[in-house]
Each structure stands twice: as C-alpha cells, then as structure tokens.
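Visitor: A single structure is presented below for examination.
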Amino acid sequence: MWLRRCVLKFLLFPSSTCQTSRVDREYQVQYCIKYDIQFFAQSGAHGFTTTLDVPPDGILINLRQLNSVTFNDERTEVTLGGGVLISEVIEAASSNSTLVSTGNCNCVGAIGAILAGGYGNLMGIYGYGVDNILSLNVVSGNGVLQTVTDGDDLFWAVRGAGPNFGIVTSVIMKAYPVQPAGLYAWLGALTFTGDKIEAVTKAISELELKPEMNLLMYFLDARAPSKTPTIVVTPFYHGSEAEGRATFSSLLNLGPTLDTTASTHYTHWNDGSQSACIKGDRKPSYCSGLAKIDPGTWKQVWDEYVTWVSSNDGKSRNSTVILEAYSMDKVQSFPVNSSSVPWRGRIKFNALVVPWYKDKGLDLAAESYGRFTRSLILSTSGLDPPATYVLPTELDKYP
C-alpha cells in the first residue's frame, strides 16, 4: 500500500517519492530489491552533485519523518533520526544546554553531512562528526535493519562512506553538556576590498588555529553599496569576544571595511550560511584540499573570479569561491584507520569553487571556469597526489 500511495500522489514527478517511517523503511528497500527498482534515500535534499540520477521508474525514499532528537538523562548522548536537519539538532541541543557536533548549514540533513566525515564549528574541540558516533541503525543492501557498533566492520565503513553501505535511519552520538556561557561564540563577517586578497590569505595561512577557532573566507559579488566583488572572512571563536578578537587580531589589523562580529548564541551560529540553503539553480562545485596557502595563487583565483562574475551579462553573479580552515589537532589525534574518512592527516584547508547560475547555456563556460580555477588552487596546494573532502564536490576527475 505504501508504494501505491506514493506512486499515485507523485504521478507527475520524474520519480516516486515515499515519506518513510520506522515501520516502512525495511519493506521499502526489500520491495525495491525484489523487483529490481532503483532507489535513493533523501533527508535534507541539499546535494550539489550532478551525478545522482533516479530514473523515471525509480523511488526516492524521503526520510524527513525520522526527525526526532532525543537526549539521555545525563545529556551525554543524543539519538538523531535519519531525516533530522542540522537546525533541528541545534535547537534541541540548545534547549538541553548541550553541544552536538554538526555541520554549519542549517538546512542540511544532519546525518548525511556527518557520514562523509562531518566538518563543523566544534570539530577542533570534538573531532569530526563521525568521531562522535557511538552506534547506528542501518538498513543494509539486503533490506535488513541492523544496529552497528564499534568493532563491526560496517561501523568503520559507514563512518566516512555511509551512503554507499545502506540507509542510516538513526545514530547515537556523544553530546556535551555546557554551562550557559558555553552556548556562545564570537563570530561574524569581516569584509575586505579586492586589493587585500594577498594580505588576507597570508594572514590566514599564518594563523595558529586553536581548537576553539575556525574561519571561512569567501568571495561575494556585492550589489551595494560598492557594486564590486568583495572578500568576506567569517572568524569563529568558541569563547568570549575579547578572546576572539585577540586570537584573530592579524585579520582585524588589516582594516576590514565592515565588521559585524559579536558574541552569538548557539542557535544563530549558522545564520551566515543561509544563502547556501537556496534550492534550485545550477551550482557545479569544484573542491580541493590544501596543505598550505599561497597568497600569489589566491591573487590569481581572485582575478579569475572577478572576470567570471563580471561577464555573462550578470547571470553568474551569485558564484563564489570558498576557503575554510579548521584546527585539525583533535581530528588528527584519532588513528587514521579509526574510520573510513580519507585524508585525516593531510588536509589543512578546503577550497570550493562554485559557479552559480540559472542559464543552462552557461554550463560549458562554468565547467571551464571551475576546472581552471581549481587547477590554480591545486598547483600550490602542497598535496601530491591531490586530496579532497568528498561531500561538497563535483564527483569528477581532476583536470
């Protein structure tokens, strides 16, 4: 009956979409296996990749009904449903005066982001998201629901390559109770003019990233007041404003044109990433890991970006280039073979080139721009062979 209801309800869509509950999930997978129907599980529906394709007679299993967040009495463990969003986890954690390792974009499915490794604001303190998983409930490829714990081969495999081994319907993770002050961090935006790109990237490269720190730099084609491309740096410090400003003084001393940093409550840490939650449009993404930053190379990356967003009759003005930096000491304190997450000891920074546009006619130009810019970044990345965090990237070969 579940399949018949879904097919009729979504008859005009390219594939059937099935809202799943804890009762349904095994039967859905078993049905698809029995009748050789291709299927795909979805939670936050935030993937950028163009390589996923559910055929017209395929089934998309939507997990959003599995959106519970439950803490144990001591608030040291949290159980997340397979369809819960990052925003829902943070809201529940805040209400329980705890911190939970999640990603930095509210609309993303929490578990999907974690299973690829799990970057986030707290990884310098607690490690990758997968380092905080205690157990998982997984519907495996044969349609059987099983609980996976430390010591199982599947526990190693799912934590880093989870989407390839089954549908994760829930996880139990570590949670960290804190005092009220622990729910605050100093963060915000520092904007710089393009002529400071080398000074900004030099300051970033020389930062000694402590566990409480991370930062994001991205390029923005501002429409007002300057109407020129702008460099934005968003520092994060889990602590007081005074500590944060002292820690990031090298960037503050460069004279940002705008400084919106402030002490911010946990529930608003991810507010700055809301633009990434916009659905639709074309956003091929070209990612690369880096061991070091070369300011001269980033001057070239900036010049390419300015040229790209200034062309195409304004159709590519939403494009961006992102550089992120996190303290890796805690991540690297775990053995390299503790999970299937690759490059635990190699990547210090991540760069992401995102041509963002609507017009399909720009596809070839966008691919050319994205690949070329990524090749510039890779040329001085300090990594040979290249290493890439898989989650946000276009699943293609390097140029």
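Residue numbers -18 to -1, 1 to 381, in mature numbering (1 follows the signal peptide of the UniProt record, and there is no 0), belong to the letters of the sequence shown in order.
A virtual CB, placed ideally from N, CA and C, is assigned to each residue, including glycine.
Going by beta-carbon coordinates alone, are Asn119 and Val153 separated by less than 9 Å?
Guide: Yes, the Cβ-Cβ distance between Asn119 and Val153 is below 9 Å.
Visitor: Within 10 angstroms of the Cβ of Lys330, are there 16 or more other Cβ atoms? Answer buried if so, exposed if not.
Guide: It is buried - the Cβ of Lys330 has at least 16 other Cβ atoms within 10 Å.
Visitor: Which same chain residues end up closer than 8 Å to Tyr371 when comparing Cβ atoms and leaving out the 5 residues on each side of it in sequence?
Guide: Answer for Tyr371: Ala98, Gly99, Tyr101, Cys269, Gly271, Trp325, Ile329 and Asn332, listed in chain order.
Visitor: I need the straight-line Cα distance from Leu236 to Val182, nearest angstrom please.
Guide: Cα-Cα distance, rounded: 8 Å.
Visitor: Whose CA, out of Val71, Val126 and Phe201, lies closest to the CA of Gln12?
Guide: Of the candidates Val71, Val126 and Phe201, the one whose C-alpha sits nearest the C-alpha of Gln12 is Val126.
Visitor: Once DSSP output is grouped into helix, strand and coil, what is the label at Ile154?
Guide: In the structure shown, Ile154 sits in a strand (DSSP, three-state: E or B).
Visitor: Does the distance from the C-beta atom of Gly106 to that of Trp284 stay below 9 Å?
Guide: Taking 9 Å as the Cβ cut-off, Gly106 and Trp284 do not qualify as a contacting pair.
Visitor: Rounded to the nearest angstrom, what separates Asn146 and Asp241 at their Cα positions?
Guide: Each residue's Cα considered, the two are about 43 Å apart.
Visitor: Quick check on Pro277: does DSSP put it in helix, strand or coil?
Guide: Correct three-state label for Pro277: helix.
Visitor: Could you pull out every residue in the same chain whose Cβ sits closer than 8 Å to the Cβ of Thr151, ignoring the five residues on either side in sequence?
Guide: These residues qualify, in order along the chain: Arg4, Arg7, Leu45, Leu48, Gly63, Gly64, Asn119, Val120, Val121 and Leu127.
Visitor: So, using beta-carbon positions, are Ile275 and Ser187 closer together than 9 Å?
Guide: In this structure, Ser187 lies closer than 9 Å to Ile275 by Cβ.
Visitor: Over the uninterrupted beta strand (DSSP E) stretch that includes Glu306, give me the two end residues.
Guide: Segment Thr302 to Tyr308, the beta strand (DSSP E) holding Glu306.
Visitor: Could you give the DSSP three-state label for Asp39: helix, strand or coil?
Guide: Coil, per DSSP.
Visitor: Could you check if Tyr308 is buried or exposed, using at least 16 other CB atoms within 10 Å of its CB as the buried criterion?
Guide: So Tyr308 ends up on the buried side.
Visitor: Leaving aside the five residues before and after Thr129 along the sequence, list all residues of the same chain whose C-beta is less than 7 Å from its C-beta, in chain order.
Guide: These residues qualify, in order along the chain: Ser117 and Asn119.
Visitor: Under three-state DSSP, which class holds Trp284?
Guide: If DSSP states are grouped into helix, strand and coil, Trp284 belongs with the helices.
Visitor: Per DSSP, what kind of secondary structure is Ser267 in: helix, strand or coil?
Guide: Three-state DSSP puts Ser267 in coil, outside helix and strand.
Visitor: Kindly indicate which residue of Thr212, Ile96, Thr249 and Leu344 has the alpha-carbon position closest to the one of Pro238.
Guide: Out of Thr212, Ile96, Thr249 and Leu344, Thr212 has the C-alpha closest to the C-alpha of Pro238.
Visitor: Can you tell me whether Thr216 is buried or exposed? The criterion is at least 16 other CB atoms within 10 Å of its CB, across all chains shown.
Guide: Flag for Thr216 reads buried.
Visitor: Around the C-beta of Pro367, are 16 or more other C-beta atoms found within 10 angstroms, so that it is buried, or is it exposed?
Guide: Exposed is the call here.
Visitor: Taking DSSP as the reference, what is the three-state secondary structure of Ser357?
Guide: Ser357: helix per DSSP, three-state reduction.
Visitor: Check whether the region 351 to 360 and the region 285 to 301 are in contact - that is, three or more C-beta pairs closer than 8 Å.
Guide: The region 351 to 360, when compared against the region 285 to 301, does touch it at the 8 Å Cβ threshold.
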